[in-house]
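Note sheet for the following structure.
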Amino acid sequence: MNIPEIYYPHLFCATYHLYLQNIQHPNMIQASTIAFLAFVVATVNAFTTFELQYQNATLAHHNYLRARHCAPPLQLDNKLNTIAQDYADYLARTNKFQHSNNGYGENLYMSSSSVPITTVDGRQATQSWYDEIQYYNFNRPGFSSKTGHFTQVVWESSDRLGVGIGFSSDDRKVYVVTNYNPPGNYQGQFGENVSPANC
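Residues in the sequence shown are numbered from 1 upward in steps of one, following UniProt numbering.
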């Protein structure tokens, strides 16, 4: 699968147009400058259509699963999306699979195929993390390496989510990174943040 590159073809045109507009309408310099800065911010934080769709599908599945556990819905956070996307691209480029230790909660997922991956389901990574619920003991809440992805997905005090997806150069591996803020999985806080399903 060839994922479109992020590029900024209109940046020069917008700058040139602003320059002409300022010459023609000096009284609109301030408004034009503000509009231009807003354009630059939006452009720099741009994601591909595919990445945006994947972010939204991942968010929707997180919130569907969190609702089962009476956890409030997450919201996408642009800063976290950028951090997660940059790290997913890094993992794909370097063929590594390790946590970033960036200070946010983080779940990682990698899938590989003998042929190029042409479709990706936005629910798959989240569901694989959630399926760790089978190993979680709600009667003795606490951290386990077998359930840490699940507990982060449903952690009640996390309210913001960042999502990134990256592909290896041959499109045979896909890497998914999710970041959470505030982070979850704090020892001593599992009982109040990880509720049983149908609570």
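Heads up, the beta-carbon is just placed ideally off N, CA and C, and yes, glycines get one too.
CA-CA distance, Ser128 to Tyr54, rounds to 16 Å.
Per DSSP, Phe47 has no beta-bridge partner at all. Taking the C-beta atoms as reference points, Ser158 is found nearer than 9 Å to Pro182. For Phe150, the enclosing alpha helix (DSSP H) stretches over residues 148-154. Annotation for Asn179: the continuous beta strand (DSSP E) segment containing it runs 173-181. A direct Cα-to-Cα measurement between Thr126 and Ile133 gives close to 12 Å. By the Cβ neighbour-count rule, Glu192 is exposed, with fewer than 16 other Cβ atoms within 10 Å of its own.
Note on geometry: alpha-carbon atoms of Gln98 and Asn139 lie some 31 Å from one another. By DSSP's assignment, Tyr109 forms a beta bridge with Val176. For a cut-off of 8 Å, the C-beta gap from Tyr186 to Leu161 is around 18 Å, too long to register as a contact.
Under the three-state reduction of DSSP, Gly103 is assigned to coil, being neither helix nor strand.
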